[in-house]
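A.B. asks: Below are the structure tokens for one structure; questions will follow.
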Amino acid sequence: MNADSITAHTDSGRAPLRVLLIEDSPLIRRSIVEAIDASGVMQVAAQAESADEAIALLDGEAFDAVIVDLQLKGGSSVAVLAYMQKEGLIESTFAAVLTNHALPAYRERCQQYGVRHFYDKSFEFDRVIDALHDYAQGRLEER
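Dropping the structure here:
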């Protein structure tokens with residue numbers, strides 16, 4: 295999805311917050327895109343299936359939020375989290391991990407990179423969308 299092709303605006307006329315979705319499952323991507331785009335205050339501006347794609351997008355565009363799966367095509371998203379931390383993006387961006395591998399060791403590893411939002415895909419799908427929506431509402435009020 296190209297950000298130039300998106301023309302959605304919030305009811306107040308402000309552009310919705312831009313979300314980068316890093317997920318390799320087409321079915322889950324579709325579900326997340328539908329949930330985010332339905333909010334009216336945020337939109338999926340770009341998608342990546344691999345860590346390399348995600349880093350290239352993060353290097354070239356600005357996003358308000360990033361949702362990342364831990365297991366991606368060709369490996370893990372740890373490289374994405376490390377890149378975001380190194381570039382100072384963890385502090386300035388809503389960064390959430392949504393994974394089927396929600397083990398305490400993975401949660402702790404993500405926290406070491408500064409990730410404060412860690413959700414189990416099987417049981418907490420709605421929670422990540424709700425947290426992202428709350429973040430978007432707060433950011434729009436600041437604008």
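Position in the sequence shown counted from 1, then plus 294, gives you the numbering used here.
Note that beta-carbon positions come from the ideal geometry of N, C-alpha and C, so glycine has one too.
Fully enclosed by the region 356-426, which beta strand (DSSP E) runs are 3 residues long or longer?
C.D. replies: Runs of the beta strand (DSSP E) inside the region 356-426: 359-362, 388-393 and 411-414.
A.B. asks: Tell me which same chain residues have a C-beta within less than 7 Å of the C-beta of F417, skipping the five on either side of it?
C.D. replies: No residues qualify anywhere along the chain.
A.B. asks: Spatial neighbours of V327 within its chain, please: CB distance less than 6 Å, with the 5 preceding and 5 following residues excluded, ordered by chain position.
C.D. replies: Excluding sequence neighbours, V327 sits near V338.
A.B. asks: Within a Cβ cutoff of 7 Å, which residues of the same chain sit near R433, ignoring the five residues on either side of it in sequence?
C.D. replies: The residues are L311 and D358.
A.B. asks: Ignore the nearest five residues each way along the sequence and tell me which others in M336's own chain have a CB closer than 6 Å to its CB.
C.D. replies: Here the set comprises P310, L311, V313, I330 and A430.
A.B. asks: Cβ atoms of F412 and R401: under 8 Å apart, would you say?
C.D. replies: Yes.
A.B. asks: Could you tell me if A350 is buried or exposed, where buried requires 16 or more neighbouring beta carbons within 10 angstroms of its beta carbon?
C.D. replies: So A350 ends up on the exposed side.
A.B. asks: If you run the structure through DSSP and keep just helix, strand and coil, what is V338?
C.D. replies: V338 falls in the strand class under three-state DSSP.
A.B. asks: Is K367 closer than 8 Å to D393 when the C-beta atoms are compared?
C.D. replies: Before going further, note that residue 393 is Thr rather than Asp in the sequence given. Their beta carbons are not under 8 Å apart, which means T393 does not touch K367 by this criterion.
A.B. asks: Out of curiosity, what's the CA-to-CA distance linking A356 and L383?
C.D. replies: Near 10 Å, if we compare the C-alpha coordinates of L383 and A356.
A.B. asks: Let me check understanding here. Comparing Cα to Cα, which of S333, G334, A332 and E343 lies closest to P320?
C.D. replies: When each option's Cα is compared against that of P320, the closest is E343.
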